[in-house]
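Have a look at the structure below, then the notes.
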Amino acid sequence: HQENLYPVKEKSDLDIGLPDFTGDEEYLAKLSSTLLQIWRSFKPDIVYYLAGADPYEDDQLGQLKLTKAGLKKRDNWVISKCLEKKVPLVILLAGGYAFRVEDTVDIHCHTCRIATMLFGRPLP
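Under my numbering, think of the first position of the sequence shown as 304, with each following residue one higher.
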């Protein structure tokens, strides 16, 4: 998450704050290293994946700078890892305050397309 976006935070077991203007490369590197560390630490019974659109570079509220391509890579990586580990996955679409609502819709649709492709079920 963006460290400075919501200054009041609840205590959690693992909190990874990212600086403003973090882009695809840094975000994806931090995501993959952190999730690999988590996978080594324990085996979850289920994963709830909050696939937020608010890290998008044209979001009105956030200051992270992920491109649509970066968000697709994020979704592909998380969903693929859950399939690889054979862990049930719940995907929740969240956030997204892009200047153009079509961008937010596009981001969420890509999350669904990636999931259906990886699960082997094409969208109608």
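Glycine is no exception: its CB is placed at the ideal position from the N, C-alpha and C atoms.
Taking buried to mean at least 16 other C-beta atoms within 10 Å of its own C-beta, is residue i buried or exposed?
{"i": "residue 404", "result": "exposed"}
{"i": "residue 419", "result": "exposed"}
{"i": "residue 423", "result": "exposed"}
{"i": "residue 348", "result": "exposed"}
How many Å lie between residue i and residue j at the Cα?
{"i": "residue 340", "j": "residue 375", "result": "22 angstroms"}
{"i": "residue 356", "j": "residue 413", "result": "11 angstroms"}
{"i": "residue 381", "j": "residue 346", "result": "15 angstroms"}
{"i": "residue 378", "j": "residue 386", "result": "12 angstroms"}
{"i": "residue 336", "j": "residue 315", "result": "18 angstroms"}
If we call anything under 8 angstroms between Cβ atoms a contact, is residue i one with residue j?
{"i": "residue 373", "j": "residue 400", "result": "no"}
{"i": "residue 354", "j": "residue 395", "result": "yes"}
{"i": "residue 308", "j": "residue 350", "result": "no"}
{"i": "residue 359", "j": "residue 323", "result": "no"}
{"i": "residue 388", "j": "residue 338", "result": "no"}
Give the C-beta separation of residue i and residue j to the nearest angstrom, bearing in mind that I take them to be a contact with Cβ-Cβ under 8 angstroms.
{"i": "residue 320", "j": "residue 368", "result": "The Cβ separation is near 15 angstroms, so there is no contact."}
{"i": "residue 371", "j": "residue 417", "result": "12 angstroms between Cβ atoms; not a contact."}
Does residue i come within less than 8 angstroms of chain C when only Cβ atoms are used?
{"i": "residue 324", "result": "Included in the structure is just one protein chain, with no chain C present."}
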